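The structure appears below as structure tokens.
Residue numbers (the working numbering), protein chains in the order written: chain A, 709 to 1374; chain B, 143 to 652.
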């Protein structure tokens, strides 16, 4: 038995979408259980597919022809599945998180008596379906299509509470900003199809392979040397990545997206929307590895975003806002890893981040329920003793986020920084990216533990914090599962330990190096070295690892020192003018809103005035001139429509009779 | 005889509805409008066309060719038939009319029989436009569409209906006149090589280089002048900047079902005719004018979208966005690739369904609230959840959401345009036109945020009630069709490619 059931991985959540939409009102838990069953099924099938791949299986089949090319030179556009180590691993992550988010939603949404739940579960189902289809897409066009559907789902779920003002606005912003990025992505997809005649990721004649051959052959594509054209196409696709993965400067939608229900935030940040961008780069890594410029830009944007977002996270008071900026920052690390040819490191961090970020969001969700939907950390405090399950799992997630040994985030982030450093020692641009990433480690440690201390430690600072609402199993189980994963997931690729002991324990590297050679990690590294000129200096991973760990501990320690004690006070004012800039998010929103509303609206109104005044003015002018001349004929214009109809009919009859006589009918 | 039967049945249906008592007219009209629909489905089962109806070596489906009026030197033939380009548009027409009729049940409350009679009369003429292959007969049908449309806007329209109706009529009639003169000049220029207005024959003669001078113009100059005259005539109908200003007025004043047909089918007459005349008969002239035409198309995309962004009236938003969407069609046509022209043809159908749906949704909201102004309503998703849900789906369809018909059309156009060898700088033109997908998202998202979401508020004195079933059924049907075509574009695209392929091969040497 091969992979013939694999399409069900995505189709089950699609079924749950339809069922919840049509019949959710009459179902137990308003469709929540159907969603759990569907995503649970997806999870089992994903694990099964992963096991098949682990035992040497590989699947790359076209299953459905969307548009079949008929004539010569027209290409066919199709849907298919690509199941390899990377995609099956991601399938497991996505379906696992989706399953846990469904379970958690029973507590967060159903138990809180929300209305519109069928719509909610339908949205979750569609979201999971879109993301899973995106993950196992075997070509770039299919990936783009589901990438867009992921955007739709985020719109629907961020704007779930549509009766309020803020959520619809945030939903609109999320879709619009990512759409701006997707515009470039779409040009890239069209360009790749037009250039190579295929958008297949893998197999004989896949587009990365054709691009490589074109570069080697010194071809000219669309008037450019092949290398330049590949860079242009790669950067166009990167536009979509920057939008969805919330990288600078298209990160502004993500903090606003916190208006959505918290389980949705967990899904968006850990496993679906935001992960989609980074995953896409990994999926077509054979293409990016051909372009030194694209790689450097990916690395630099990543490093910059990691630092930039982490600095804003430092001053936020809303627990979800802190997590939002941490997401942007963490995806910056993944981009950094990808840009320095640290393919395994970035994928590794994508996985660990999925676990600990889902955990942190669900933990924050648990706190928010307990606090009667209070999100300001200054009104919390002291929840440690009241909510032990939440506290310890949240702490595990925080240690992972901060990158502290031995939690999962330490291993993956450390590996990214190590890869960035050894590549950076050969290339100053990459070194700058590394430096920013390294500095961000301190900030990460700081804001993470500021959040932990303010939320869980000290004395309760409000009535709600003194008497939190007790939680049910449906919130505790996901937290426990993710808490364990956030703690241990890093053990799959402990590079420094492998270096120290000489043991062969970098399982993830081996995993990503299995499967077809074309998609293997070592091929990518070789390609990046040959074409993108990314060379690695000789260096032991121990020293950079130690530096990063010290910085993380210093950041965390600073936060603990500043905010410990029963009654912590805000220290942000000490930042002086910098605080205002940070609280205002570097005024990124202002200029983007000005671009989208101020400038564009003004141009639109100008165009409207021009259209009404000049273009239509000319038309009306001509007609008034002719009306003046036809004043005499005016008596015909009686304004009675039946007269017109009579006139027209008469004229038609006369014409027909005339023709009839002329044509010899009579 | 099948096409003749279809046209005749529709005409008779129109007459019957004219004479039906007001009380039964809506139901009778709907029932009778199902006849052409079923008829077109029946045609589909027997559809055996291959190739392009205007080009040699093709098989035209359901073809009838007979001399009708023998004039010297030009005979007028009754020549009808369908190919892969015209058939999808025929189906679009017969699908949209019953739905438009049902959507008229609520808003149309006076002169009911006449209203539905005119709609069916228009449908019959539209079927004629899409199936006729003789210029003279085609022109009669072409003009015959105008009359019911003029009356439908002028009698059942909004407050400024007279202005809008007369503007529509005069504008499109002047355009028809210019087009007519341009085409007749071309026929005269062909001299003895043609002896009828038969469109395939004229096409063949033009492609064989039979054009000689006329009225002091040399063959090349004549072809160019005729091309421009014909292009102008059809550009008004499409409409393309700068001859688009009749459109928003007509749409705003027209009642919902009329808007549905105006945007859904009537605009496609323009693009269909452009494809048949300018891009098939005179494809070599089109190639020399590729850059200016592409500029007009791309400019229409961005300009129409910017205008839509400035509007406060939901109907005006949709109306202006049609200009934008039709700009894509022009880009696809001018690219002269299989996916360019094929995508443009597909987009005609896709946009017909989606814009029809948008107008219907706006109509349902208007029926309930009696306003269409963005500032007057907010949060109606609270009171009309199903309508709001369909609004969201329709808007995302309009934005080109994958797996809905609009994406297929737009994507194929973009792909075809990017690869164009006829159009210099094609990738750049394509990239600029594609920015339309961002602006369209902008204005539709803003409109949705303000009208559907937020706290419920209504500035008019009406109590919102749930929309009646017959308002909502057409919406569901259209959504289903849009998704169906988006998931499986080959339903139409296979036959479209089949008809477009020989045309593009013809221009292969360009």
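Using N, Cα and C, we set each Cβ at its ideal position, and we do this for glycine too.
Values in this document were obtained by computation on a predicted structure and should not be read as measured data.
Residue i, enclosing alpha helix (DSSP H) - first and last residue
i: residue 564/B; result: Run containing residue 564/B: none; DSSP gives neither H nor E here.
i: residue 221/B; result: Taken as a continuous stretch (DSSP letters only), residue 221/B belongs to no alpha helix (DSSP H), being part of the beta strand (DSSP E) at 218-224.
i: residue 200/B; result: Careful: residue 200/B lies outside any alpha helix (DSSP H) and carries neither H nor E.
i: residue 1179/A; result: Taken as a continuous stretch (DSSP letters only), residue 1179/A belongs to no alpha helix (DSSP H), as it is neither H nor E.
i: residue 1069/A; result: 1051-1078
i: residue 259/B; result: 254-273
i: residue 612/B; result: 611-629
i: residue 1085/A; result: From DSSP, residue 1085/A is part of no alpha helix (DSSP H); its letter is neither H nor E.
i: residue 952/A; result: 934-952
Neighbouring residues, chain A, relative to residue i (Cβ below 8 Å)
i: residue 573/B; result: 895
i: residue 554/B; result: 775
i: residue 596/B; result: 870, 871, 872, 873 and 876
i: residue 617/B; result: Correct list: empty, because the minimum Cβ distance to chain A is about 15 Å.
i: residue 456/B; result: By Cβ distance, chain A contributes nothing, its closest Cβ being about 16 Å from residue 456/B, past 8 Å.
Length of the line joining the Cα atoms of residue i and residue j
i: residue 377/B; j: residue 939/A; result: 39 Å
i: residue 1245/A; j: residue 1139/A; result: 12 Å
i: residue 651/B; j: residue 435/B; result: Note that residue 651/B scores a pLDDT of 45, beneath 50, so its modelled location is shaky; the value from the coordinates is reported in the next line. Spanning the two alpha carbons is a distance of roughly 20 Å.
i: residue 709/A; j: residue 812/A; result: Annotation note: pLDDT 45 at residue 709/A (below 50); position unreliable, coordinate value reported separately. Whole-angstrom Cα-Cα distance: 34 Å.
i: residue 180/B; j: residue 892/A; result: 43 Å
i: residue 399/B; j: residue 935/A; result: 54 Å
i: residue 1322/A; j: residue 782/A; result: 43 Å
i: residue 1197/A; j: residue 1108/A; result: 10 Å
i: residue 1395/A; j: residue 1173/A; result: Shown here, chain A extends from 709 to 1374; a query on residue 1395/A therefore has no answer.
i: residue 1075/A; j: residue 1005/A; result: 39 Å
i: residue 834/A; j: residue 1185/A; result: 24 Å
i: residue 113/B; j: residue 151/B; result: Limits of chain B in this structure are 143 at one end and 652 at the other, which puts residue 113/B out of reach.
i: residue 1267/A; j: residue 569/B; result: 53 Å
i: residue 274/B; j: residue 221/B; result: 6 Å
i: residue 717/A; j: residue 724/A; result: 12 Å
i: residue 304/B; j: residue 263/B; result: 21 Å
i: residue 382/B; j: residue 1328/A; result: 18 Å
Where residue i meets chain A, residues with beta-carbon distance less than 7 Å
i: residue 640/B; result: 778
i: residue 576/B; result: 891, 894 and 895
i: residue 356/B; result: The contacting residues do not exist; residue 356/B stays about 24 Å from chain A at best.
i: residue 289/B; result: 1356
i: residue 587/B; result: 880, 883 and 884
i: residue 445/B; result: 1315
Limits of the beta strand (DSSP E) - the one that residue i falls within
i: residue 1320/A; result: Segment: none, residue 1320/A is in no beta strand (DSSP E) and carries neither H nor E.
i: residue 768/A; result: 767-775
i: residue 788/A; result: 785-791
Under 9 Å from the C-beta of residue i: neighbouring residues of chain A
i: residue 579/B; result: 887, 890, 891 and 894
i: residue 635/B; result: 775, 776 and 778
Within chain B, the residues that residue i reaches when beta carbons sit closer than 9 Å
i: residue 1308/A; result: 448, 451, 581 and 584
i: residue 1121/A; result: Neighbours of residue 1121/A on chain B: none; closest Cβ ~34 Å, over 9 Å.
i: residue 1207/A; result: None at all; the shortest Cβ gap to chain B is about 45 Å.
Chain-ordered chain B contacts of residue i [CB-CB under 8 Å]
i: residue 1331/A; result: 309 and 312
i: residue 954/A; result: Those do not exist, as residue 954/A stays about 18 Å from chain B at its closest Cβ, beyond 8 Å.
i: residue 1324/A; result: 387
Cβ separation of residue i and residue j, assumed to be a contact under 8 Å, to the nearest whole Å
i: residue 885/A; j: residue 961/A; result: 4 Å
i: residue 902/A; j: residue 1111/A; result: So it is not a contact: roughly 43 Å between Cβ atoms.
Within chain B, the residues that residue i reaches when beta carbons sit closer than 7 Å
i: residue 853/A; result: 544 and 545
i: residue 930/A; result: 569
Worksheet item: Hey, which unbroken runs of the alpha helix (DSSP H) at 4 residues or more fall wholly within the segment 287-354 of chain B?
Response: Here the runs fully enclosed are 303-331 and 341-349.
Item to complete: For the segment 379-462 of chain B, list the beta strand (DSSP E) runs that are entirely contained and at least 3 residues long, ordered along the chain.
Response: You should have found no qualifying run.
Practice prompt. At 4 residues or longer, and completely inside the segment 831-913 of chain A: list those alpha helix (DSSP H) runs for me, N to C.
Written response: For the segment 831-913 of chain A, the full-length alpha helix (DSSP H) segments reaching 4 residues or more read 848-866 and 874-904 along the chain.
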